[in-house]
Amino acid sequence: MASEGFREKRKLAQKAEIIVKFETKERYNNIRQILKKEPSLRNEEELHLIASSRDIVQEIEKRVQRQELVKRRVEEVLDPPDLLEEKVSFLVEAILKAKCLVIYTGAGVSTAASIPDYRGPDGVWTRLSRGEKLGSYNLADANPTLTHMSITKLFQEGLVKHVVSQNCDGLHIRSGLPPQALSEVHGNMFVEVCTECEENDEVYYRLFDVTENTCLRRHLTNRFCHKCGGQLRDSIVHFGEKGNLRWPLNWEGALETAKKADCILCLGSSLKVLKTYRALWGMNRVKTRRPNLFIVNLQWTPKDDLAVLKISGRCDDVMKSVMHKLGLVIPDYNRCKDPLFTLATPLRPQELDSFSTKYLNTSETQDLVDKPCNNECDDVKDRKCGINEERIDCSVSLQSLERPGWFGKGYSKNKKSLRKRRRVR
Ligand SMILES: [Zn+2]
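Below is the structure:
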């Protein structure tokens with residue numbers, strides 16, 4: 001009898017709790033609706049409800065402010081032309097004064113090459129988080145942008161010491177920046193690596209996207225090392241993975257230069273990922289000895305408050321003006337002289353069937369059928385990995401192209417499976 005009475009009490013208590021929760025929620029929703037109304041349209045009863053619920057009103061107002069802040073942060077903002085010019089002049093002075101300038105680049109430096117960024121309004125992550133489908137992109141169609149070419153020129157002039165890129169599109173290498181001067185901290189989709197070779201990782205540059213069959217936590221490319229026969233893997237570091245490859249990530253180079261850096265220029269990056277690598281920002285130094293930070297980005301970044309200058313502009317516009325003010329000519333990109341053709345390791349005959357993506361060709365016109373552009377390309381043509389052009393039907397491979405590993409493959413799948421797991425629980 002006693003236990004029955006106890007059970008009854010507990011049931012009543014639970015019921016009362018549910019009713020209170022329900023009433024609080026209803027009150028919250030009512031007040032939210034009232035606050036949306038023009039003050040002059042609120043009736044006596046509504047005014048009384050607001051006056052007697054200050055804590056709920058404050059909570060709602062705080063939430064609205066937070067939502068507006070989030071909205072503002074993803075908005076893309078452009079500085080007016082006069083202000084932009086003024087800011088660029090200030091940046092140019094800093095570039096000339098810097099003893100060790102490093103550049104950190106993000107997807108924003110490649111959007112002019114029609115490669116989607118990650119967190120912009122139509123970025124890869126933005127669209128994946130909205131549950132939207134992504135189109136297919138082929139990086140073999142992209143060329144280095146004005147920004148890539150400007151950075152390479154600045155490096156050649158000795159004004160830039162090192163570049164750290166979060167992009168895996170390989171466009172820095174293709175613009176002529178030497179691999180030693182570059183840290184591709186999230187990998188390069190043209191690179192596959194043997195981690196089984198004894199002394200150093202063996203790096204294979206290719207003329208095609210090696211991530212066709214790879215995705216999150218699955219990195220083997222189905223090709224094998226020419227030296228030791230070990231399985232090759234791509235170099236892409238997916239969201240949630242830790243990049244341990246020595247090359248092309250080159251963390252050693254990035255950290256070595258970060259130690260000496262007195263000026264950092266961030267181009268086209270939300271810095272949301274890069275900010276977590278504390279060693280890149282000189283955060284272990286006393287405040288006064290930390291490098292001067294310059295940021296060029298259309299959206300808010302978490303480092304904005306720490307920057308000496310934030311330029312809200314497109315990378316290509318800013319770099320064009322920077323180069324003009326420095327009196328430097330931006331070299332044109334010439335696909336025939338693309339360094340990737342020299343760096344690439346030729347495929348063996350038995351490997352020719354190991355990929356179906358479009359490969360980088362010397363044609364500037366980007367036709368589906370490969371055409372050498374002129375006589376000076378002959379030497380490049382000979383080096384094209386021994387690919388038999390007639391054998392590859394690019395139109396078919398493009399249509400059947402699935403989202404490759406570099407392009408967030410596995411990310412949405414992973415999210416879905418997480419959701420499923422939560423539902424099961
Ligand atoms: Zn090997």
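Quick note on numbering: the sequence shown equals residues 1 to 425 in full-length UniProt numbering.
Glycine is no exception: its CB is placed at the ideal position from the N, C-alpha and C atoms.
Can at least three beta-carbon pairs, one atom from the stretch 94-108 and one from the stretch 158-171, be found at a separation below 8 Å?
Flag = yes, the stretch 94-108 and the stretch 158-171 touch.
Taking 7 Å as the threshold (C-beta atoms), are residue 250 and residue 175 in contact?
Contact annotation: residue 175 and residue 250 have beta-carbon atoms that are not nearer than 7 Å.
Determine the direct distance from the alpha carbon of residue 325 to that of residue 92, and round the result to whole angstroms.
About 7 Å.
Residue 230 Cβ short of 6 Å to ligand 1 heavy atom set:
Checking the Cβ of residue 230 against ligand 1 gives yes.
Just reading off the beta strand (DSSP E) that residue 221 is part of, what are its end residues?
According to the DSSP assignment, residue 221 belongs to the beta strand (DSSP E) that extends over 220-224.
Does the beta-carbon of residue 5 have 16 or more other beta-carbons within 10 angstroms, so that it is buried, or is it exposed?
It counts as exposed.
I'd like the list of long-range same chain contacts for residue 393, defined as Cβ closer than 8 Å, with 5 residues on each side in sequence excluded.
At residue 393 the pLDDT is 30, less than 50, meaning the model places this residue with poor confidence and gives no usable figure here.
Buried or exposed: where does residue 367 fall if 16 or more other Cβ atoms within 10 Å of its Cβ makes it buried?
Because residue 367 sits at a pLDDT of 36, beneath the cut-off of 50, its placement in the model cannot be relied upon, and the point is left open.
Counting only C-beta atoms, is residue 28 closer than 7 Å to chain C at any point?
The structure shown has no chain C; it contains just one protein chain.
With distances taken from CA atoms, which of 36, 307, 24, 31 is nearest residue 45?
Answer by Cα proximity: 31.
What are the uninterrupted segments assigned as alpha helix (DSSP H) that are 4 or more residues long and contained completely in the stretch 163-192, given in chain order?
DSSP runs (the alpha helix (DSSP H)) wholly in the stretch 163-192: 171-174.
Excluding sequence positions up to five away, which residues of its chain have a Cβ less than 7 Å from the Cβ of residue 87?
Here the set comprises 79, 309, 311.
Beta carbon of residue 59: closer than 6 Å to some heavy atom of ligand 1?
Result no, Cβ not under 6 Å from ligand 1.
Exposed or buried, residue 9, counting other C-beta atoms within 10 Å across all chains shown (16 or more means buried)?
It counts as exposed.
Residue 333 vs residue 81 beta-carbon contact at 7 Å
No, the pair does not count as a contact, with Cβ atoms beyond the cut-off.
Using CA coordinates, which residue listed in 230, 208, 234, 205 is at the minimum distance from residue 219?
For residue 219, the closest alpha carbon among the candidates 230, 208, 234, 205 is that of 234.
Could you please give me the residues that DSSP links to residue 211 through a beta bridge?
Beta-bridge pairing links residue 211 to no other residue.
What is the rounded straight-line gap between the Cα of residue 442 and the Cα of residue 168?
For the chain, the structure presents residues 1 to 425; residue 442 sits outside this window and is missing.
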